[in-house]
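Notes follow the structure.
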Amino acid sequence: MLQNRSLKSLPSSAKLVLALCFLSLLSIGCEKTDPTLGTGTAVETPGTFVTTLAGSGILGYAEGMGTAASFGQAFGIAVNSQGVIYVTDNYNDAIRKITPDGQVSTLVSFPDPTGIALDKQGNLYVGSEGNTRIRKVSPAGVISDLPGGAATYNFNYPRGLAVDAQGALYVTERLGYRICKISPAGDVSVLAGSGTAGVVDGIGTAARFHSPHGIVVDADGTVFVSEGNGNLIRKITPAGAVTTFAGSGSLNSADGIGIAAQFNTPYGLAIDAQGVLYATSFDCIRRITRDGAVTTLAGLPNNSGYADGTNVTAQFAWATCVAGAPSDGLYVTEPLRVRKIIVR
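Residue numbers (mature numbering (1 follows the signal peptide of the UniProt record, and there is no 0)): -29 to -1, 1 to 315.
As structure tokens, then:
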């Protein structure tokens, strides 16, 4: 068991710089929003609560129960059918495992992990920006290559991952500005994106993405992508037709329908069984219906911080990725914590 391991064996001076960088990034994120643009204030929902599942809030690497555990940078997140949570801990080069009651352990060491997804068999798929590959991780923590050409394919900063009902894997390329699809046999194709940064709707490679991050696939095979630095949610049909589903592109957290809504760096995206989307928006979590109506589920827009409580009193600081559903547990990563939203 790894206990209190230093982040990537960094010397104390480097860890101090890293911690200061975290504080700097958080302050930058708070300052970037313009409160005069309007906000998406959450409406109090009886029985909806935000709690801290795991993480001390202190930069580090420690196993333990709940807030006794520490993370270096909790990023990607996935939840299996038994309620076990898997988190990529980027700065600690590890995939962390969290039981439903909050016991944190390390499943396996993994270099520079970012996005993570689960298939029906409980296998994990993990992206590594540092070596441009996607790897498969068994429930026992055994790492293996993907089949076919996907084993050696060089993705351009793979970020978000999702698996569809047929076992195909979808990958967002953060700096490749494309959405790639990997068949169960390991064949890699480009579903959408020209490879040039931009925001252009269109078919397949005629479309452009600004900064694709989170990705989910619904039961019909429709793909949704969150543009982390573009502040948009894009929609891609199985045929590759790309449209802007929600967001104006302006940096803020404002409720509305479709492009009238606004997001603040929506890195993470989740989808429930009814096709409702959930997106992180820096200091709050947004809910997006199938017709594009955006509301604030929990958190205080333009008011980042850390507080558990009801959906209108809880605070988030740099909500990054999200997985699950409110009925069973919607889990949110912040750099140093994993939060849980539940409707009782």
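In this text, a Cβ means the ideal position worked out from N, Cα and C, and glycines have one as well. Computed from a predicted structure; not experimentally measured.
Have a look at residue i and residue j and give me their C-alpha separation to the nearest angstrom.
| i | j | result |
| --- | --- | --- |
| Gln286 | Val21 | 9 angstroms |
| Pro272 | Lys206 | 24 angstroms |
| Gln233 | Lys91 | 34 angstroms |
| Ala156 | Val79 | 25 angstroms |
| Ala45 | Tyr238 | 13 angstroms |
| Leu(-5) | Ile153 | Because Leu(-5) carries a pLDDT of 40, less than 50, the predicted location of this residue cannot be relied on, and the following value inherits that uncertainty. Using only the alpha carbons, I get a separation of about 34 angstroms. |
| Gly31 | Asn200 | 27 angstroms |
| Asp262 | Ala190 | 16 angstroms |
| Ala133 | Leu89 | 8 angstroms |
| Ser221 | Ala111 | 43 angstroms |
| Gly300 | Asp172 | 34 angstroms |
| residue 318 | Arg130 | Beyond the ends of the chain as shown, which are -29 and 315, falls residue 318; an answer cannot be given. |
| Cys(-9) | Pro306 | Legend: pLDDT at Cys(-9) = 46, less than 50; position of this residue unreliable, value from coordinates given subsequently. One C-alpha to the other measures close to 12 angstroms. |
| Ala178 | Phe195 | 14 angstroms |
| Tyr128 | Phe180 | 14 angstroms |
| Ser219 | Ala231 | 6 angstroms |
| Thr16 | Gly246 | 20 angstroms |
| Ser224 | Gly270 | 11 angstroms |
| Gly73 | Gly37 | 5 angstroms |
| Thr103 | Asp243 | 29 angstroms |
| Phe81 | Thr214 | 35 angstroms |
| Ile114 | Thr176 | 32 angstroms |
| Pro71 | Val14 | 28 angstroms |
| Thr167 | Cys151 | 14 angstroms |
| Tyr277 | Leu162 | 38 angstroms |
Of the residues the options, which one's Cα is nearest the Cα of residue i?
| i | options | result |
| --- | --- | --- |
| Thr193 | Val108, Asp135 and Leu30 | Asp135 |
| Leu203 | Val188, Asn127 and Thr236 | Thr236 |
| Ile174 | Ser160, Leu140, Gln233 and Ala212 | Ala212 |
| Phe126 | Leu24, Arg106 and Ile114 | Arg106 |
| Ser160 | Leu146, Ala121, Ile114 and Ala33 | Ala121 |
| Gly169 | Gly229, Tyr57, Gly112 and Leu146 | Leu146 |
| residue 322 | Gly35, Thr16 and Pro209 | This structure cannot speak to residue 322, because the chain is shown only from -29 to 315. |
| Tyr57 | Cys151, Ser109, Thr103 and Val14 | Ser109 |
| Val314 | Ser115, Ser298, Ser219 and Arg308 | Ser298 |
| Ser197 | Lys152, Glu144, Ala231 and Glu34 | Glu144 |
| Ala241 | Ile228, Arg258, Ala231 and Gly227 | Arg258 |
| Arg149 | Gly73, Thr260 and Ser165 | Ser165 |
| Glu100 | Thr214, Asn94, Gly112 and Tyr124 | Tyr124 |
| Gly43 | Ala269, Thr304 and Ile312 | Thr304 |
| Ala288 | Ala296, Leu268, Val309 and Gly295 | Val309 |
| residue 347 | Ile256, Gln245, Leu248 and Val265 | Given that the chain is displayed from residue -29 to residue 315, the structure contains no residue 347 and the question cannot be resolved. |
| Gln53 | Lys311, Gly295 and Phe180 | Gly295 |
| Ala290 | Thr251, Tyr277 and Ile114 | Thr251 |
| Leu140 | Leu95, Ala217 and Val113 | Leu95 |
| Gly227 | Tyr249, Thr215, Val188 and Thr267 | Thr267 |
| Phe216 | Thr176, Thr260 and Ser182 | Thr260 |
| Tyr249 | Thr19, Val113 and Cys292 | Cys292 |
Please report the Cβ distance between residue i and residue j, rounded to the nearest whole angstrom; I am assuming they are in contact, meaning their Cβ atoms lie under 8 angstroms.
| i | j | result |
| --- | --- | --- |
| Ile29 | Thr59 | With a Cβ gap of about 19 angstroms, Ile29 and Thr59 do not count as contacting. |
| Glu254 | Asn274 | Correcting the residue type first, residue 254 is Asp in the shown sequence and not Glu. Indeed they touch by this definition, with Cβ atoms about 6 angstroms apart. |
| Gly185 | Asp158 | About 24 angstroms separates the two Cβ atoms, so there is no contact after all. |
| Val50 | Tyr302 | 6 angstroms |
Which one or two residues does DSSP pair with residue i in a beta bridge?
| i | result |
| --- | --- |
| Val142 | Leu132 and Cys151 |
| Leu222 | Phe234 |
| Asp168 | Per the sequence presented here, residue 168 reads as Ala, with Asp not at that position. In the DSSP output, where bridge partners are listed per residue, Ala168 has none listed. |
| Tyr32 | Its beta-bridge partners do not exist; DSSP assigns none. |
| Leu203 | Glu198 |
| Gly227 | Val265 |
| Asp116 | Arg106 |
| Gly98 | Ile105 |
| Tyr124 | Its beta-bridge partners do not exist; DSSP assigns none. |
| Pro84 | Ser99 |
| Thr215 | Arg205 |
| Ala241 | Tyr249 |
| Arg67 | Val58 and Thr77 |
| Val161 | Cys151 |
Given the structure, does residue i come close to the ligand MG, in the sense that its CB is under 8 angstroms from one of the ligand's heavy atoms?
| i | result |
| --- | --- |
| Val213 | The ligand MG is not part of this structure, which contains no ligands at all. |
Among the residues of its own chain, which have a CB less than 7 angstroms from the CB of residue i, if the five just before and after it don't count?
| i | result |
| --- | --- |
| Asp279 | Val21, Thr22, Thr23 and Ala285 |
| Val75 | Ala25, Glu34, Gly35, Ala40, Arg67 and Ile69 |
| Ser182 | Arg145, Glu198, Gly199, Asn200 and Gly201 |
| Val188 | Ala133, Asp135, Tyr141 and Val194 |
In its own chain, which residues sit with a C-beta less than 8 angstroms from the C-beta of residue i, not counting the 5 before and 5 after it?
| i | result |
| --- | --- |
| Leu(-7) | Residue placement at Leu(-7) is flagged as unreliable, the pLDDT there being 38, under the threshold of 50; the coordinate-derived value follows with that caveat. If we look at Leu(-7) and ignore the five residues flanking it on each side, it has no Cβ neighbours. |
| Pro84 | Phe46, Gly47, Thr59, Asp60, Asn61, Asp64, Ala65, Ile66, Val97, Gly98 and Ser99 |
| Lys311 | Val21, Thr22, Thr23, Leu24, Gly300, Leu301, Tyr302 and Val303 |
Let me see if you follow: with CB-CB separation under 9 angstroms, is residue i close to chain C or not?
| i | result |
| --- | --- |
| Ser76 | Given the protein chain composition of this structure (a single chain), no chain C is represented. |
For residue i, which residues from the same chain have a beta carbon less than 6 angstroms from its beta carbon, with the 5 sequence-adjacent residues on both sides left out?
| i | result |
| --- | --- |
| Asp116 | Ala122 |
| Ser27 | Thr38 and Ser41 |
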